[in-house]
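Each residue of the sequence shown is one higher than the one before, counting from 1 in UniProt numbering.
To start, the structure itself, in structure tokens.
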Amino acid sequence: MAGRAGDADPAAGGPPPPGEPAEPRGRSKPTITDVAERAGVSKGTVSKYLNVRSGYAVSAASRAKIEDAIRELNYRPSAIARSLTRGATLNIGLVIADIKNPFFPDLVASVQEVLAERGYKVLLGSSGRDTGREVDIIHSMTEHRVDGLMLASVQGGVEELRFLERMAVPCVLASRDLPELIWDTVVVDNVRGARLAAKHLRDLGHTRIGYVGSDPNAKPFADRLHGFQSSTADLPHAPVVIEGGMMEDGRRGTHELLSQSPRPTAVHYANDQMALGGLVACEELALRVPWDVSIVGYDNISAGSLPGIGLTTVDSAAATVGAKATEMLLERIAGLRLDEQPPRLRHEPTRLILRSSTAPAPDGS
Numbered sequence: 001m002a003g004r005a006g007d008a009d010p011a012a013g014g015p016p017p018p019g020e021p022a023e024p025r026g027r028s029k030p031t032i033t034d035v036a037e038r039a040g041v042s043k044g045t046v047s048k049y050l051n052v053r054s055g056y057a058v059s060a061a062s063r064a065k066i067e068d069a070i071r072e073l074n075y076r077p078s079a080i081a082r083s084l085t086r087g088a089t090l091n092i093g094l095v096i097a098d099i100k101n102p103f104f105p106d107l108v109a110s111v112q113e114v115l116a117e118r119g120y121k122v123l124l125g126s127s128g129r130d131t132g133r134e135v136d137i138i139h140s141m142t143e144h145r146v147d148g149l150m151l152a153s154v155q156g157g158v159e160e161l162r163f164l165e166r167m168a169v170p171c172v173l174a175s176r177d178l179p180e181l182i183w184d185t186v187v188v189d190n191v192r193g194a195r196l197a198a199k200h201l202r203d204l205g206h207t208r209i210g211y212v213g214s215d216p217n218a219k220p221f222a223d224r225l226h227g228f229q230s231s232t233a234d235l236p237h238a239p240v241v242i243e244g245g246m247m248e249d250g251r252r253g254t255h256e257l258l259s260q261s262p263r264p265t266a267v268h269y270a271n272d273q274m275a276l277g278g279l280v281a282c283e284e285l286a287l288r289v290p291w292d293v294s295i296v297g298y299d300n301i302s303a304g305s306l307p308g309i310g311l312t313t314v315d316s317a318a319a320t321v322g323a324k325a326t327e328m329l330l331e332r333i334a335g336l337r338l339d340e341q342p343p344r345l346r347h348e349p350t351r352l353i354l355r356s357s358t359a360p361a362p363d364g365s
């Protein structure tokens, strides 16, 4: 029988004396025994930590010691042995909206990092923002018996995804909130994020602020539009253009906005891709950023920080959302039932990243 957390393991010779971390026993690869000795806990406790389906709790103190030992020893559990023991595949399905969207790499990387520490691998699918394709990908992943699913920026609505509730596959939503479904969810506060952007522009003295948005049927974009409009409702000129969400859409929408009279002196975009298109449009129109037009994006993709771009933006915390959603999913896989813990909604904070694409409003604007 596995010992309790902190019990010595006779077969392993007990934990090392305090202050004397154990060394691996000369094997080419560290074993679970080496991890237990380094952490000062029993093999049974390490086994419980690794076996996320076991349903046995490991104390926070023991978990921290085990994770430190795993990192120090570069321990990697045998996926084959664990899957045979647990009847699991050790695969997690991750569905994203668009593999070409630079928002997703940080989210995917954080998911992979958390899962790799537990011996899991990621099956990645991109829906291309197509609901039918998204549903097909989900069906394929469930047929391959994934242990859990993470749906990031899903395109389908409640009815398209209702079938998953009947399949008893643990699911979590990342960066999209569908409160009608009984799943844990991690999102950022998109309304607040857009308000931060609008406040920043208003604080700089801008009174003619345009907005280039994307699909208002997708809740993240709907929330960003709401945040912008609620912060500019008292302005005499706050035009909105809705486009498709890509760089070329931002370029086209910017041309439309800046052809208006009076011309906006600042533009907020629903994502950074469109904001980059806005920079191109301003160059085509011989308008200087930020002296003639200030630009604020949303998402904080890596391209926005490149020299010569310096895009002021709202950080949508993609890596944090991915990591927190993964932890929630692993807890459900471990046996955390809905009757013990109802579906959880976690809001990660947004923050404004100030760079060189914004400046005080031009004189006389």
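The beta-carbon is built from N, C-alpha and C at its ideal position, and this holds for glycine as well.
Use the C-beta contact count for residue i: other C-beta atoms within 10 angstroms, 16 or more gives buried, fewer gives exposed.
| i | result |
| --- | --- |
| leucine 235 | exposed |
| arginine 27 | With a pLDDT of 48 at arginine 27, under the threshold of 50, the modelled position of this residue cannot be trusted; read the value that follows with caution. The residue is exposed, with fewer than 16 neighbouring Cβ atoms inside 10 Å. |
| phenylalanine 163 | exposed |
| proline 264 | buried |
| valine 46 | buried |
| glutamine 341 | exposed |
| glycine 335 | exposed |
| tryptophan 291 | exposed |
| proline 349 | exposed |
| lysine 100 | exposed |
| arginine 95 | Checking the sequence shown, residue 95 turns out to be valine, not arginine. It is buried - the Cβ of valine 95 has at least 16 other Cβ atoms within 10 Å. |
| isoleucine 182 | exposed |
| methionine 167 | exposed |
| histidine 347 | exposed |
| lysine 29 | exposed |
| alanine 275 | buried |
Below 8 Å on the Cβ atoms is my guess for residue i versus residue j; work out the distance and round it to an integer in Å.
| i | j | result |
| --- | --- | --- |
| alanine 325 | alanine 197 | Incorrect: roughly 25 Å between the Cβ atoms, too far for contact. |
| methionine 247 | glycine 213 | Rounded, the Cβ-Cβ distance is 15 Å, inconsistent with contact. |
| valine 146 | isoleucine 92 | 6 Å |
| arginine 208 | tyrosine 298 | Not confirmed; about 20 Å, so no contact. |
| asparagine 271 | phenylalanine 104 | Asparagine 271 to phenylalanine 104, Cβ: 12 Å. No contact. |
| aspartate 184 | proline 343 | 6 Å |
| histidine 226 | valine 296 | Rounded, the Cβ-Cβ distance is 16 Å, inconsistent with contact. |
| tryptophan 222 | histidine 268 | It should be noted that the sequence gives alanine, not tryptophan, for residue 222. At roughly 15 Å, the Cβ-Cβ gap does not stay under 8 Å, so alanine 222 and histidine 268 are not in contact. |
| histidine 144 | leucine 123 | 7 Å |
| alanine 152 | alanine 97 | 7 Å |
| methionine 328 | valine 186 | 7 Å |
Give the DSSP bridge partners of residue i, in chain order.
| i | result |
| --- | --- |
| asparagine 190 | In the DSSP output, where bridge partners are listed per residue, asparagine 190 has none listed. |
| arginine 129 | Answer is none; arginine 129 lacks a bridge partner. |
| leucine 124 | Leu94 |
| histidine 347 | Val187 |
| aspartate 299 | Asp315 |
| serine 294 | Ala266 |
Span of the alpha helix (DSSP H) holding residue i?
| i | result |
| --- | --- |
| leucine 336 | That residue, leucine 336, is in no alpha helix (DSSP H); it is neither H nor E in DSSP. |
| tyrosine 211 | Where tyrosine 211 is concerned, there is no enclosing alpha helix (DSSP H), although the beta strand (DSSP E) it sits in stretches over 209–213. |
| proline 105 | 104–117 |
| alanine 60 | 60–73 |
| glycine 44 | 43–50 |
| aspartate 34 | 32–39 |
Just reading off the beta strand (DSSP E) that residue i is part of, what are its end residues?
| i | result |
| --- | --- |
| isoleucine 353 | 351–353 |
Return no unless some Cβ of chain C is closer than 8 Å to the Cβ of residue i.
| i | result |
| --- | --- |
| alanine 109 | Protein chain content of the structure displayed is limited to a single chain, and chain C is not contained in it. |
At which residue ranges does the segment 232–277 contain complete beta strand (DSSP E) runs of 3 or more residues, listed in the order of the chain? As far as the segment 232–277 is concerned, its whole beta strand (DSSP E) runs of at least 3 residues are 240–242, 266–269.
Length-filtered (4 minimum) alpha helix (DSSP H) runs lying within the segment 134–183: Listed in chain order, the complete alpha helix (DSSP H) runs (minimum 4 residues) inside the segment 134–183 are 158–161.
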